[in-house]
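These notes concern the structure reproduced below.
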Amino acid sequence: MPAQTRLFPCRSDNYGVLLHDPETGATASIDAPEAAAVETALKATGWKLTDILVTHHHADHTDGIMELKEKYKCRVVAPAAEAAQIPGVDLTVREGDKVEVGKLSANVIETPGHTNGHIAYWFHADKLAFVGDTLFSIGCGRVIEGTPGMMWRSLLKLRDLPDDTDIYCGHEYTAANIKFAKTIEPDNMDLAAREAEVTRQLAKGEPTIPVTIGEEKKSNPFLRADVAGVAAGIGMAGKEASQVFAEIRARKNKF
Ligand SMILES: [Zn+2]
Numbered sequence: 032m033p034a035q036t037r038l039f040p041c042r043s044d045n046y047g048v049l050l051h052d053p054e055t056g057a058t059a060s061i062d063a064p065e066a067a068a069v070e071t072a073l074k075a076t077g078w079k080l081t082d083i084l085v086t087h088h089h090a091d092h093t094d095g096i097m098e099l100k101e102k103y104k105c106r107v108v109a110p111a112a113e114a115a116q117i118p119g120v121d122l123t124v125r126e127g128d129k130v131e132v133g134k135l136s137a138n139v140i141e142t143p144g145h146t147n148g149h150i151a152y153w154f155h156a157d158k159l160a161f162v163g164d165t166l167f168s169i170g171c172g173r174v175i176e177g178t179p180g181m182m183w184r185s186l187l188k189l190r191d192l193p194d195d196t197d198i199y200c201g202h203e204y205t206a207a208n209i210k211f212a213k214t215i216e217p218d219n220m221d222l223a224a225r226e227a228e229v230t231r232q233l234a235k236g237e238p239t240i241p242v243t244i245g246e247e248k249k250s251n252p253f254l255r256a257d258v259a260g261v262a263a264g265i266g267m268a269g270k271e272a273s274q275v276f277a278e279i280r281a282r283k284n285k286f
């Protein structure tokens, strides 16, 4: 049976998301931004929390772990490289490891850059990927611990996922990201189409995610640093993609 998800806003601009296996009843919270919001989502669905899948150690992704773990005795899965910075960890995982939530199965993809141990969970059979703060719709996470080159390679791994993969990210930043993206690719018609869609979604109070990786590839400048027109547009024709990416990221930091 296909996976079910429930997305909910929490904190100031975070997204929480529950992933549910209808066959076994297993339910994972992707990260735990805050316990109360996760519990509200659990009550609304009637699902019982069995797992927390952590993408990285930042407090706005881990603050709720211990309260939820004490209440639900759920298993906490976390990146091996950051386990020491994350409370309550039961299982550490690395690149290529598999994580089961009931009968749902994820591949672990290491995506360092935002933090050095950041991981994504790719449920390939269900065409879902939970990417934390590595990739946002029309944006990407700040490169806080790693290098731009590291972040670019991480984004390439996510870009390689099948086009129809639904991407769930950690924050609602899409409208601001589009404003910036238009300064990099003012003539990108796919970006203009995405802007129109996002404006409609936000006006109705709807989230702008999930979004497919196929859609992001056409309109997210951070996934397009190796497109000749993007490099040329910012005066970097012929430069290495990782350098172009670093320049786009630097401009966004100042935007
Ligand atoms: Zn973060």
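Residues in the sequence shown are numbered consecutively from 32, following the numbering used here. For glycine and all other residues, C-beta sits at the position ideal for the given N, C-alpha and C. Predicted, not measured: the structure shown is a model, and the values here were computed from it.
The beta strand (DSSP E) enclosing residue i, as first and last residue numbers
| i | result |
| --- | --- |
| Y199 | 197-199 |
| I175 | From DSSP, I175 is part of no beta strand (DSSP E); its letter is neither H nor E. |
| G47 | 45-51 |
| I61 | 58-61 |
| T36 | 35-41 |
Residue i beta carbon near ligand 1 (any heavy atom closer than 6 angstroms)
| i | result |
| --- | --- |
| D164 | yes |
| H89 | yes |
Cutoff 7 angstroms; reference residue i; Cβ partners in own chain excluding five residues on either side
| i | result |
| --- | --- |
| A206 | V229, L233 |
| R42 | P64, E65, D91 |
| W78 | L49, H51, T58 |
| K134 | D52, E54, T55 |
| V139 | V124, R125, E126, G127, D128, V130, I150, Y152 |
| V120 | V107, A109, A114 |
| G264 | I215, E216 |
| K249 | D221 |
| E226 | I209 |
Buried/exposed call for residue i, threshold 16 Cβ in 10 Å
| i | result |
| --- | --- |
| P193 | exposed |
| M32 | exposed |
| F253 | buried |
| E141 | buried |
| D62 | buried |
| R255 | buried |
| R106 | buried |
| E247 | buried |
| K100 | buried |
| D82 | buried |
| D218 | exposed |
| D191 | exposed |
| H155 | exposed |
| A67 | exposed |
Other residues of its chain near residue i: CB distance less than 8 angstroms, five sequence neighbours each side excluded
| i | result |
| --- | --- |
| P238 | L38, P40, Y46, E203, Q232 |
| D309 | Limits of the chain in this structure are 32 at one end and 286 at the other, which puts residue 309 out of reach. |
| T243 | D194, D195, T196, D197, I198 |
| I240 | L38, Y46, S168, I198, Y199, C200, E203, T205 |
| G267 | In the sequence on display, residue 267 carries Met and not Gly. Excluding residues within five positions, the ones whose Cβ falls inside 8 angstroms are Q274, V275, E278. |
Residue range of the unbroken alpha helix (DSSP H) whose run includes residue i
| i | result |
| --- | --- |
| T230 | 220-234 |
| E70 | 66-76 |
| S273 | 272-285 |
| T81 | No alpha helix (DSSP H) contains T81, which DSSP labels as neither H nor E. |
| A160 | That residue, A160, is in no alpha helix (DSSP H); its beta strand (DSSP E) goes 159-161. |
| T205 | 205-215 |
| A259 | 259-264 |
| G245 | 244-250 |
| A90 | 90-93 |
Same chain, Cβ closer than 6 angstroms to residue i, five either side skipped, listed in chain order
| i | result |
| --- | --- |
| G144 | V174, G177, M181, M182, S185 |
| G172 | H145, D164, T165 |
| K283 | F211 |
| L122 | V108 |
| P118 | I96, M97 |
| L84 | A59, I61, V108, Y152 |
Chain B within 7 angstroms of residue i, Cβ atoms only
| i | result |
| --- | --- |
| Y204 | No chain B appears in this structure, which consists of one protein chain only. |
Can you give, in chain order, each stretch of the alpha helix (DSSP H) that sits fully within the stretch 95-157 and has at least 4 residues? Counting whole runs of 4 or more residues, the stretch 95-157 contains the alpha helix (DSSP H) stretches 96-103.
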